[in-house]
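Novice:
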Amino acid sequence: MEDVQTRHANPLVVDAGSGNAYLGFVVYELFLKDSSGGELLSIEGRPDLTERAKGRAERLHFDRMRFQTAHIDAAEYPERIHVLMALHACDTATDDALVAAIKHGADHVAVVPCCQAEVAAQLKEKKAKPAGSMSLLFQHPWHRREFGSHLTNVIRALTLEAYGYQVTVTELTGWEHSLKNELILGRRVHRDNRRARLQLQALLAETGVQPRLTRLLGITPAGAAGGDAESEPALEPASEATPDAAPTPDAAPASPSEP
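Residues 11 to 269 (our numbering) make up the sequence shown, in order.
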């Protein structure tokens, strides 16, 4: 937040899948309430939660909080997003949030994924049978669920890297408070990263999975039609989205800063 407030007079923060918007209220209180500019947009699919949060914002006089009732994949986003955050957006909803961040050139991304079932289901299908002993990692249902969740987040991190983000994966809080605790942070420093894209395509080919995130972005496994190493990212972010580094795909970026 400090980074985008330094560089932009009116930064736009999106809380995707905001629920009761508690996270949005905390961010507004800490960073926007006493600032001369900036807005926070909360997107939530349940109208009762939207109305409840809207009433709370009015009582607190948080005049630059806006609310939209929509699912993450169907929301109307501004052309330019500066920070996108998604706390416990369930299963593929986190993928929808990441697509919105990439499409609208978010400088910073912070997501804490929730329950994840899509990749585990794909691993169970006959078509997702990696060669060698890798399939032993998810032979049992419990292992398949855990390995599928881990693989999902590895793919998310690599996808952000392919679109020019420097990524940090850490924990949000102590595991004693929540098991859904993996925090993926991304700061966009390049236009794209071909090396990360190659690694992502190879991983998709080796594991036989194709999560919603890569499908929406048109990223295909290595060896598939359109999956060659020289292919460009299918979804071009907003032109303003490179915050402070030239678009040199494989240069070593500076140390990441949290949103």
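Don't be surprised by glycine CBs; every beta carbon is placed ideally from N, CA and C.
1) Take G55 and list the residues in its own chain whose beta-carbon comes closer than 8 Å to its own, dropping the five residues that flank it on each side.
2) For the ligand ZN, is there any heavy atom lying closer than 7 Å to the beta carbon of T169?
3) With distances taken between CB atoms, is the gap from A215 to A232 smaller than 8 Å?
4) Using a threshold of 8 Å, state whether the C-beta atoms of H200 and G228 are closer than that.
5) Could you pull the start and end residues of the alpha helix (DSSP H) that Y8 belongs to?
6) Here's a check: name, in chain order, each residue in its chain whose Cβ is nearer than 6 Å to the Cβ of A103, leaving out the five neighbours to either side.
7) By Cβ distance below 7 Å, which residues in the same chain neighbour D106 in space, the five residues on each side in sequence not counted?
8) Let's see if you can read the secondary structure: which residues bound the alpha helix (DSSP H) around D106?
9) Of all the beta strand (DSSP E) runs that stay within the bounds of the stretch 26–92, which reach a length of 3 or more residues?
10) In chain order, what residues of the same chain have a beta carbon less than 6 Å from the beta carbon of F72, not counting five sequence neighbours either side?
11) Which residue spans inside the stretch 179–228 form an unbroken beta strand (DSSP E) run of at least 3?
12) Could you check the C-alpha separation between M11 and Q211 for me, to the nearest Å?
13) Hey, H92 and A116 are a contact pair by Cβ (cut 8 Å); roughly how many whole angstroms apart?
Specialist: The relevant details are as follows:
1) Only G27, T79, A80, H81 and I82 meet the Cβ criterion.
2) Ligands displayed in this structure: none; no statement on the ligand ZN is therefore possible.
3) Yes, the pair counts as a contact, with Cβ atoms nearer than the cut-off.
4) Going by C-beta atoms, H200 is not nearer than 8 Å to G228.
5) Within the shown structure, residues of the chain are numbered from 11 to 269, placing residue 8 beyond reach of any answer.
6) Leaving aside the five residues that flank A103 on each side, the residues in its chain whose CB is nearer than 6 Å to its CB run, in chain order, G27 and I82.
7) Closer than 7 Å at the Cβ level, and outside the excluded window around D106, lie I82 and D83.
8) Note, D106: alpha helix (DSSP H), A103 to K113.
9) If only uninterrupted beta strand (DSSP E) runs of at least 3 residues are considered, those enclosed by the stretch 26–92 are 49–54 and 75–79.
10) Same-chain partners within the cutoff: Y38.
11) Correct list: 192–198.
12) Rounded to the nearest whole angstrom, the C-alpha separation of M11 and Q211 is 32 Å.
13) In this structure, H92 and A116 form a Cβ contact; the two beta carbons are roughly 7 Å apart against a cut-off of 8 Å.
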